[in-house]
Amino acid sequence: MNSHSFKTNKLPNYRLSIAPMMDCTDKHFRVLMRQITKKSLLYTEMIVAQALHHSNNRNKLLDFDEIEHPISIQLGGDNPNLLAEAAQMAEDWGYDEVNLNIGCPSPKVKSGNFGAYLMGKPKIVADCIEKMKNSCNIPITVKHRLGIDNLDNDNYLMRFVDNCSLAGADRFIIHARKAWLKGLNPKENRTIPPLQYERVEKLKNNRPKLIIELNGGINTIDDCIQALKVFDGAMVGRAAYSHPFMWTKIDSIIYGQQEEYLSRSKIIKKVIPFAQKHLENEGRLWQISKHIINLIENIPNAKIFRQELSEKSQTQEADISILKKIAQQLEDAGH
Ligand SMILES: Cc1cc2nc3c(=O)[nH]c(=O)nc-3n(C[C@H](O)[C@H](O)[C@H](O)COP(=O)(O)O)c2cc1C
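Counting from 1, one number per residue, gives the positions in the sequence shown under my numbering.
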């Protein structure tokens with residue numbers, strides 16, 4: 001098969017995305033990240049299609065704020081009908097894209113035989129993508145690894161991607177390391193198998209018409225710039241979660257936007273109305289503060305600010321005044 005057999009997909013407007021991360025990329029983190037980058041694509045945590053099907057609280061699972069656009073929902077599952085139903089729900093709910101998780105090696109995912117396990121099941125994957133594609137009109141993208149266990153060579157990878165593309169996948173995000181389903185836990189699977197960017201590059205060279213984004217170990221804006229010389233997009237995970245403030249210049253550097261860089265205190269002030277709404281809906285402040293804390297680093301007394309925010313946010317009566325106070329203190333200290 002040559003690359004002319006594949007349709008040419010349209011490049012999206014965004015070239016950078018913030019990776020889906022369980023227990024991290026909830027709506028509070030996304031709202032925070034959206035203050036930092038207006039243009040980049042944000043992902044939800046993985047939502048299992050079966051859970052969505054059975055849930056009597058879909059609103060809670062699907063909820064996002066208008067300002068989060070562009071936003072992709074990441075789905076997990078291996079049942080084509082349930083995934084198609086979930087994709088349709090996602091479109092109806094207003095998501096911009098649907099992403100299928102074929103990269104996660106967690107025990108939960110393994111016991112359900114989806115996530116990275118699906119890299120060994122190309123026929124099921126094709127069926128899932130085709131049904132999802134037919135159920136909605138928004139892009140269906142796939143996030144996957146270089147391989148799993150012994151299914152880990154360039155030919156297999158290329159056939160896997162071809163297969164997804166022919167089934168209708170619009171874009172590929174490749175975490176540039178394999179996953180060992182047998183023998184490594186999820187955390188080890190994010191560090192131990194080496195990153196192999198050259199294998200993703202080879203794939204891109206062999207399939208120039210496919211839209212391929214690089215993920216894994218992109219830790220700085222400069223890393224993004226380097227990745228974008230070769231790939232159609234760059235996806236950042238841990239470095240965005242743990243060091244959100246580091247990315248404040250991303251829109252001007254990557255997208256040429258002439259926007260004012262927000263300070264830490266301004267970012268927190270912009271998040272306050274969302275936090276207020278959350279508290280009015282019986283949410284708790286620490287659910288938001290746990291993300292905001294990561295903004296406060298690389299400044300004098302960062303540890304003291306962080307500790308204060310953390311401790312005060314845990315209490316039963318924690319309210320918005322805590323965020324206001326910390327924002328004011330940071331502003332007074334010139335941050
Ligand atoms: C805490 C955590 C949770 C993650 N959860 C998911 C997930 O739900 N779905 C997924 O596709 N990848 C998940 N990942 C993997 C990331 O999306 C990303 O592929 C990986 O961290 C490599 O990118 P990075 O080096 O930029 O962090 C998770 C990673 C972390 C650290």
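Every residue, glycine too, gets a C-beta built ideally from N, C-alpha and C. Remember, it's a predicted structure, so these values are computed and weren't measured experimentally.
Opening and closing residue of the alpha helix (DSSP H) in which residue i lies
| i | result |
| --- | --- |
| E260 | Element bounds for E260: n/a, residue is neither H nor E. |
| S135 | 122-135 |
| Y241 | 238-242 |
| K340 | There is simply no residue 340 to check, as the chain begins at 1 and stops at 335 in what is shown. |
| K336 | Limits of the chain in this structure are 1 at one end and 335 at the other, which puts residue 336 out of reach. |
| S321 | 320-332 |
Any non-hydrogen atom of ligand 1 within 7 Å of residue i CB
| i | result |
| --- | --- |
| H291 | no |
| M246 | no |
| I33 | Just to set this straight, residue 33 is Met in the shown sequence, not Ile. For ligand 1, not one heavy atom lies less than 7 Å from the Cβ of M33. |
| V200 | no |
| I218 | yes |
| E213 | no |
| R306 | no |
| P20 | yes |
| E188 | no |
| K143 | yes |
| G334 | no |
| D223 | no |
| V236 | yes |
Among the options, the one whose alpha carbon lies nearest that of residue i
| i | options | result |
| --- | --- | --- |
| D23 | E213, G237, D127, A179 | G237 |
| L82 | K303, H54, L157 | H54 |
| M132 | I73, D149, N113, M158 | I73 |
| Y197 | S40, I218, N189, L184 | I218 |
Beta carbon of residue i nearer than 8 Å to that of residue j
| i | j | result |
| --- | --- | --- |
| M46 | C136 | no |
| L214 | A234 | yes |
| E43 | I18 | In the sequence on display, residue 43 carries Tyr and not Glu. Yes, they are a contact pair. |
| G147 | V109 | no |
| L62 | M89 | yes |
| G120 | L151 | yes |
| A167 | A126 | yes |
| A275 | I320 | yes |
| P273 | L32 | no |
| G115 | I102 | yes |
| S265 | I293 | no |
| K182 | D149 | yes |
Contact set for residue i: own chain, Cβ-Cβ below 6 Å, skip 5 residues either direction
| i | result |
| --- | --- |
| P139 | E97, D170 |
| Q329 | none |
| S106 | P186 |
| Y255 | K39 |
| P193 | R177, K178 |
Contacts around residue i, its chain only, beta-carbon distance under 7 Å, and the 5 residues preceding and following it disregarded
| i | result |
| --- | --- |
| L210 | F6, V161, S165, F172 |
| R190 | none |
Residue i CB to nearest heavy atom of ligand 2 below 7 Å
| i | result |
| --- | --- |
| C128 | In the structure on display, ligand 2 does not appear, and the ligands it does have are ligand 1. |
Range covered by the beta strand (DSSP E) that runs through residue i
| i | result |
| --- | --- |
| Q74 | 71-76 |
| R171 | 171-175 |
| I292 | From DSSP, I292 is part of no beta strand (DSSP E) but of the alpha helix (DSSP H) over 286-292. |
| Y43 | 41-48 |
| Q313 | In the sequence as displayed, the identity of residue 313 is Ser instead of Gln. Element bounds for S313: not the beta strand (DSSP E) but the alpha helix (DSSP H), 302-314. |
Own chain, CB closer than 8 Å to residue i, minus 5 neighbours either side, in chain order
| i | result |
| --- | --- |
| E259 | K38, D251, S252 |
| F231 | V200, E201, K204, I212, E213, L214 |
| M1 | Any reading at M1 must be qualified, since the residue scores a pLDDT of 43, below 50, and its modelled position is unreliable; the value itself is stated next. Once the five neighbours on either side are set aside, the close Cβ partners of M1 are D162. |
| S3 | Low local confidence applies: a pLDDT of 44 at S3 is under 50, so the model's placement there is unreliable, with the coordinate-based value given in what follows. Excluding sequence neighbours, S3 sits near N206, R207, P208, K209, L210. |
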